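Each protein sequence line maps, in turn, to chains A and B.
Under this note's numbering, the first residue of the first sequence carries the number 1, and numbering increases by one thereafter.
Under this note's numbering, the first residue of the second sequence carries the number 1001, and numbering increases by one thereafter.
A virtual CB, placed ideally from N, CA and C, is assigned to each residue, including glycine.
Note that the structure is a prediction, hence the values are computed from the model and not measured.
Below is one structure, written out as structure tokens, with a few remarks after it.
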Amino acid sequence: MSSFTLISAALRRKKTRTFLTFSSVVFAFLIFGVLSMLQTAFSMGVDIANEDRLVVRHRVSLFQLLPQSYEADMEEVPGVIDAVHFTWFGGVYQDPANFFMQSPVEPAEYLDMYPEVSVPEEAKLRWIETRNGAIAGRALVERFGWEVGDRIPLQPTIWQQEGRGDEAWEFELVGVYESDVEGFDETQFLFRYDFFDEARSFGRGQIGWFAVRIADSDRAAEVAAAIDDTFRNSAAETKSESEGAFAAGFANQVGNLGLIVTSILGAVFFTILLVAGNTMAQSVRERIGEIGLLKALGFTSSRVQRLVLMESVTLVTTAGFLGMVLAVGLERVLRPALAAYFPGLFLRPEDLFLGLGLAVVTGLVVGIFPARRAMRLETALALRRL
Amino acid sequence: MSEKDMAETQNTNGATGEAMVDVRSVSRVFQRGRTPVPVLKDLSLRMANGEFLALMGPSGSGKSTLLNLIAGLDRPTGGEVIVGGSPIHSLSERKLAGWRARNIGFVFQFSNLLGALNAERNVAVPLLLTSFSARERRRRVEIALEIVGLSDRSKHRPRELSGGEQQRVGIARALVNDPALLVCDEPTGDLDRATSGEILDLLVALNRDQGKTVLMVTHDPEAAERASRILHLVDGQLADCGHDGTIVLPAHEPAGAAV
């Protein structure tokens, strides 16, 4: 028998109340886990952004086009190693709900720029050989059940083919890419720029944005400014920023997710403080006589305080731990199911530890006032409540 | 208790032999708002080692206050309380708690067992404050339950025990640290006559066979009769007992106040 026996006895005293409080804390931490996953999914681009890469877009907006010829000019800027370009294609596969990112790229340059993207050698060769060849991320392929060799029709919403009106673009899937980087977007569909540029009905020689690799990440701001200076006062001025800043700006188009998540969690944990705090306060109030008895038997005031505090921490931490375990279980179910929609949907270890730390802190905060009350009780007065 | 016994104690409020309890000119004043309320007034009392003393008196006479002072649950406003040779009136709160754990066994009107723990675990609660090994703790719990005759009920929870059995578990809890002094506050107040008799038999046996000094507060004259000495507390002072058992208030009290 140890002090934990007393803590356990106190928690089992009103089983229904303890169960309800416990459940609400479990649910709160489950919400914490799920929201953390969502936040990770939305901010994954920021988290895995490469510090050695810049994104250069039109100064007005991402949807204004830039001349593809800027690529050569940019590669002349000191500090720039090379550049690749992307263009938002916005095609529809079967149904507008089947949204995924599509872009024409120059295969060899793209794969050189993104070493984290892994494509089988055979697929690389086929991509270079096949004019309408495309590669797709593993999650996207699994989502639609595609196989290499399939023909993928994409209905144009922006880019029509010259002389073909609304006729669908048809691509041949030549390979599947993957990445070892946790949370890397495996839902993209990439096809050859030369095929796209020749076939499109307008905007030839125009692209959406550039990814630029720089020699020294410490000089990123300086190089970005130099690139923008190069095209200042031109018909298409640029805005250069780090890949992380670009991803953050893109994610914030759906709102300041960090603020939304933090606000929801704040409300949840404030409620938990009230619920669990009320439980502990009520529990101590009902046990004044019992606490007096412990003091009479020789338990010091500080020891009684510790017991009540440990009771609170045990209740909230156990529930918090269970909530996080459930969140991990949910992640195991949701991650494969939603990989094609939320490629970065996973619970990061740091969020798990944050959750557990939060549980301990919440337990302490919830318990501190009832514990102090228990400590201050005068033994003789408390015994009258027996 | 015979009239002769009473006569021996009436002038001393004390006992012959080595003192377990020595209360010297103790007063206790409580504050009710700005008004001081004296509950004990210049009270002195000696209790011999191995004595069984019953403390009686009307409600509000200060019985529980005196009991709390002797048990180290409260401090006097003035005077000294020496128990087992320790001047407990001057101990810090922390030292006093440790002293209680080692020297005092409490028996309350209600057994106040922890409902979620079985009998043996309830008995073991005071042992959490000791450094005994798990084996020694088990041994002490077994002995304590055996003394109160509940060895076969050790795994039962309080709700599975009768009122008398619960009180026995409470007594076993009081004994488990082998204290020299048992402090009993209305130990039979919540029990029927027959069960009260059993509990009193147990207290008498503990006093007689184990040499425990027992201080018992009670309203019940029949319970008090089981003690080796009875003291009456009236209005914060100890009253003498006359040869015929009547209680005589201290000289400065109005004669009409005699109980």
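message: Only counting the same chain, and skipping five residues up and downstream in sequence, which positions put a Cβ closer than 6 Å to that of S240 (chain A)?
response: L54, V56, A224, I227 and D228
query: Taking just the CA atoms, how far does T379 (chain A) sit from T1130 (chain B)?
result: 20 Å
Neighbouring residues, chain B, relative to S3 (chain A) (Cβ below 7 Å): L1128
Contact list for A371 (chain A) against chain B, beta-carbon separation under 9 Å: Neighbours of A371 (chain A) on chain B: none; closest Cβ ~17 Å, over 9 Å.
field: Residue range of the unbroken beta strand (DSSP E) whose run includes L259 (chain A)
entry: Note, L259 (chain A): premise wrong, no beta strand (DSSP E); alpha helix (DSSP H) at L257 to E286.
- request: Output the residue ranges of the alpha helix (DSSP H) runs that lie fully inside the stretch 1133 to 1194 of chain B and measure 4 residues or longer, sorted by chain position.
  value: 1134 to 1147 and 1163 to 1175
message: For a contact defined as C-beta to C-beta under 7 Å, what are the partners of E1093 (chain B) on chain A?
response: The answer, in chain order, is S301.
message: By the 7 Å beta-carbon criterion, what residues does the stretch 11 to 30 of chain A contribute toward chain B?
response: Here the close residues are R12 and R13.
query: Assuming G1078 (chain B) and G1236 (chain B) make a contact with CB atoms under 8 Å, what is their CB distance in whole Å?
result: G1078 (chain B) to G1236 (chain B), Cβ: 13 Å. No contact.
- prompt: What separation, rounded to the nearest whole angstrom, lies between the Cα atoms of V1037 (chain B) and L383 (chain A)?
  reply: 20 Å
- request: Kindly provide the ranges of any alpha helix (DSSP H) runs that are 4 or more residues long and lie completely inside the stretch 116 to 148 of chain A, ordered along the chain.
  value: 121 to 129 and 138 to 144
- prompt: Measuring CA to CA, which of B:P1158, B:A1224, B:V1214 and B:R1229 is closest to D1020 (chain B)?
  reply: For the record, residue 1020 (chain B) in the displayed sequence is Met; it is not Asp. Looking at the Cα atoms, B:V1214 is the closest of the given residues.
task: Give me the Cβ distance between P67 (chain A) and Y193 (chain A), rounded to the nearest whole Å; I'm assuming they're in contact under 8 Å.
output: Wrong, their Cβ atoms sit about 14 Å apart, outside the cutoff.
- request: Would you please verify whether the beta carbon of N1118 (chain B) is less than 8 Å from any beta carbon of chain A?
  value: no
Chain B contacts from the stretch 276 to 299 of chain A (Cβ-Cβ distance under 8 Å): G289, E290, L293, L294, K295, A296, L297, G298 and F299
message: Taking beta-carbon pairs under 9 Å, can you tell me which members of the stretch 356 to 380 of chain A lie near chain B?
response: E378, T379 and A380
- prompt: How should N256 (chain A) be labelled, buried or exposed, when 16 other C-beta atoms within 10 angstroms of its C-beta is the threshold for buried?
  reply: Exposed, since its Cβ has fewer than 16 Cβ neighbours within 10 Å.
Contacting residues, own chain, Cβ-Cβ under 6 Å from K1158 (chain B) (five flanking each side not counted): The sequence given here places Pro at residue 1158 (chain B); Lys does not occur at that position. The answer, listed in chain order, is L1113, G1115 and Q1166.
field: N-terminal and C-terminal residue of the alpha helix (DSSP H) that R1094 (chain B) is part of
entry: Taken as a continuous stretch (DSSP letters only), the alpha helix (DSSP H) holding R1094 (chain B) covers E1093 to N1103.
message: Is there a Cβ of chain A sitting closer than 8 Å to that of G1115 (chain B), yes or no?
response: yes
Within-8 Å CB hit, D1074 (chain B) to chain A: With 8 Å as the cut-off, D1074 (chain B) counts as an interface residue toward chain A.
Rounded straight-line distance, which links the Cα of C1184 (chain B) to that of R1226 (chain B): 13 Å
message: Helix, strand or coil, according to DSSP, for V1023 (chain B) in the structure here?
response: strand
- prompt: Taking the alpha-carbon positions, what's the E1093 (chain B) to F27 (chain A) distance?
  reply: 42 Å
task: Kindly provide the ranges of any alpha helix (DSSP H) runs that are 4 or more residues long and lie completely inside the stretch 144 to 204 of chain A, ordered along the chain.
output: With a minimum length of 4 residues, the continuous alpha helix (DSSP H) runs that stay inside the stretch 144 to 204 of chain A are 193 to 199.
task: Report, in whole angstroms, the separation of the C-beta atoms of L11 (chain A) and E311 (chain A), which I expect to be a contact under 8 Å.
output: 6 Å
field: Ordered list of beta strand (DSSP E) runs contained in the stretch 209 to 258 of chain A, each at least 3 residues
entry: 209 to 214 and 238 to 242
message: Given this structure, state the Cα-to-Cα distance separating G329 (chain A) from G320 (chain A), to the nearest angstrom.
response: 14 Å
field: Residue span of the beta strand (DSSP E) that contains Q102 (chain A), given as start and end
entry: From DSSP, the beta strand (DSSP E) with Q102 (chain A) extends over Q102 to V105.
- prompt: Which residue's Cα is closest to the Cα of W209 (chain A): A:V181, A:T238 and A:T16?
  reply: A:T238
- request: Mind listing the chain B neighbours of A9 (chain A)? Cutoff is C-beta to C-beta under 9 Å, in chain order.
  value: L1114, G1115, A1116, L1117 and R1121
- prompt: Does DSSP put K1212 (chain B) in a helix, a strand or coil?
  reply: If DSSP states are grouped into helix, strand and coil, K1212 (chain B) belongs with coil.
- prompt: Between which two residues does the alpha helix (DSSP H) containing D73 (chain A) stretch?
  reply: Y70 to M74 is the extent of the alpha helix (DSSP H) around D73 (chain A).
field: Assigned secondary structure, Q305 (chain A) (DSSP; H/G/I helix, E/B strand, else coil)
entry: Helix, per DSSP.
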